[in-house]
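Peer 1: Would you mind keeping the following structure in view while I ask a few things?
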Amino acid sequence: MIESAWVLVLILGMRHGVDPTHIALVNGFARFRPNLWNGVLLALGHSLMLTLLAVGIGTIVIIPIASWKPWILLLIGAWNLWQLLYPKPIPVPAFANVSPFIIGILLAAELETASQISVLALTHHSRVVVLGVCFFIGMLTTTGVDGYLAARTQHQLLRNRQANVASRILGWLVVIYAFGLGTAALCHLDLEPVTLPLGLSFFIGLILLRFWSIVPFKPISKSRLQMKRCQKEI
């Protein structure tokens, strides 16, 4: 029988997956590392770290790495801004080789969201490993899908103009979100009340951009437009 705590943690994982920080980082990574598994790796690292925290092991690394999130966001935002302003092939920076799995661990160490704290509170009522798996599956349905869609958009840049436009719009969204969230974190501003609408709007925007980039769009020529007008007059 499925425990209610498992279902709740699954929902919390889905909720946490649309956190604007995760959306910005996964989409930011896609510009210079368009791997379809970016979101999956981030969700895996995040869930693993949360599980370690629940059993008391992860507390050893919280203090050294918990303050890295703002700088990671600002770095991702700066790199995407550079690529948007100067879209020329240049060597990929060293930090791009750092797997999103590591980024997921770093983000989980901060314990800055209510969903993470809620999961830790539920570990006293159920098996920790099972809850960790449920949280990962929940994040996978959002963060994993987000990483897949972002990477697919980047892969189609050379195939059609719409994908190119979608990629640039996505890039500017990453810049705005990354700089805004990074600055807010440095200033210790509490954005928890608005994280859900911010993350959902970014996630839905990505889905719409992805859909628009793959649907063929053929502009109506002047001759066809005139023919349609004549048909209407008749």
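Residue numbers for the sequence shown follow the working numbering, so the first one is 19 and each next one is one higher. All residues carry an ideal CB built from backbone N, CA and C; glycine is no exception.
1) Taking the C-alpha atoms as reference points, what is the distance between residue 73 and residue 219?
2) Quick one: using the 10 Å Cβ neighbour count with 16 as the cut-off for buried, is residue 211 buried or exposed?
3) Do you know offhand how far residue 201's Cα is from residue 125's?
4) Considering only the beta carbon of each residue, do residue 161 and residue 188 sit closer than 8 Å?
5) Is it buried or exposed, residue 88, if we count other Cβ atoms within 10 angstroms and call 16 or more buried?
6) Comparing alpha-carbon positions, which option in 32, 70, 206, 92 lies nearest residue 158?
7) Helix, strand or coil for residue 246? Go by DSSP, reduced to three states.
8) Considering Cα atoms alone, identify which of 28, 38, 164 is closest to residue 65.
9) Residues in the same chain with beta-carbon distance under 8 Å from residue 173, minus the five sequence neighbours each way, listed in chain order, please.
10) For the alpha helix (DSSP H) holding residue 152, just list the boundary residues, first then last.
11) What distance in whole Å lies between the Cβ atoms of residue 56 and residue 169, which are believed to be in contact at a cut-off of 8 Å?
12) Beta carbon of residue 197, beta carbon of residue 95: below 8 Å?
13) For the alpha helix (DSSP H) that contains residue 177, what are its first and last residues?
14) Report buried or exposed for residue 229, applying the criterion of at least 16 other Cβ atoms within 10 angstroms of its Cβ.
15) For residue 54, does the three-state DSSP call read helix, strand or coil?
16) Restricting to Cα atoms, I'd like to know which of 70, 21, 120, 25 is closest to residue 40.
17) Can you tell me whether DSSP reads residue 118 as helix, strand or coil?
18) Classify residue 207 as helix, strand or coil using the three-state DSSP reduction.
19) Count the other CB atoms, across all protein chains shown, that sit within 10 Å of the CB of residue 49; report buried if there are 16 or more and exposed otherwise.
Peer 2: The structure says:
1) Along the sequence shown, read from residue 1 onward, the residue named residue 73 stands at position 55. Along the sequence shown, read from residue 1 onward, the residue named residue 219 stands at position 201. C-alpha separation (whole angstroms): 34 Å.
2) Indexing the sequence shown from 1 puts residue 211 at position 193. Residue 211 should be labelled exposed.
3) Working through the sequence shown from its first residue, we reach residue 201 at position 183. Working through the sequence shown from its first residue, we reach residue 125 at position 107. Straight-line Cα distance between these residues: approximately 16 Å.
4) By 1-based counting over the sequence shown, the position of residue 161 is 143. By 1-based counting over the sequence shown, the position of residue 188 is 170. Cβ distance not < 8 Å, so residue 161 and residue 188 don't count as in contact.
5) The residue labelled residue 88 in the question sits at position 70 within the sequence shown. Residue 88 is buried by the Cβ-count criterion.
6) Within the sequence shown, the letter at position 140 stands for residue 158. Out of 32, 70, 206, 92, 32 has the C-alpha closest to the C-alpha of residue 158.
7) Working through the sequence shown from its first residue, we reach residue 246 at position 228. With a pLDDT of only 49 at residue 246, under 50, the local geometry of the prediction cannot be trusted, and the value read off the model is given with reservation. Reduced to three states, the DSSP call for residue 246 is helix.
8) Within the sequence shown, residue 65 is the residue found at index 47, counting from 1. Selected option, being the one with the closest Cα: 28.
9) On the sequence shown, residue 173 is found 155 positions in, with the first residue counted as 1. So the qualifying residues of the chain are 52.
10) In the sequence shown, counting from the first residue as 1, residue 152 sits at position 134. Residue 152 -> alpha helix (DSSP H) spans 146–157.
11) Numbered from its first residue, the sequence shown carries residue 169 at position 151. Numbered from its first residue, the sequence shown carries residue 56 at position 38. Between residue 56 and residue 169 the Cβ distance is about 6 Å, and since that is below 8 Å, they are a contact.
12) What you label residue 197 is simply residue 179 of the sequence shown in a count that begins at 1. What you label residue 95 is simply residue 77 of the sequence shown in a count that begins at 1. Yes; because the gap between Cβ atoms is below 8 Å, this pair is in contact.
13) Position 159 of the sequence shown holds residue 177. No alpha helix (DSSP H) contains residue 177, which DSSP labels as neither H nor E.
14) In the sequence shown, residue 229 corresponds to position 211, counting from 1. The residue in question, residue 229, is exposed, as its Cβ has fewer than 16 Cβ neighbours within 10 Å.
15) The sequence position of residue 54 within the sequence shown is 36, counting from 1. Coil at residue 54, not helix or strand.
16) Working through the sequence shown from its first residue, we reach residue 40 at position 22. If we check each option's Cα against that of residue 40, 120 comes out closest.
17) Numbered from its first residue, the sequence shown carries residue 118 at position 100. Helix, per DSSP.
18) The sequence position of residue 207 within the sequence shown is 189, counting from 1. If DSSP states are grouped into helix, strand and coil, residue 207 belongs with coil.
19) Numbered from its first residue, the sequence shown carries residue 49 at position 31. Result: buried.
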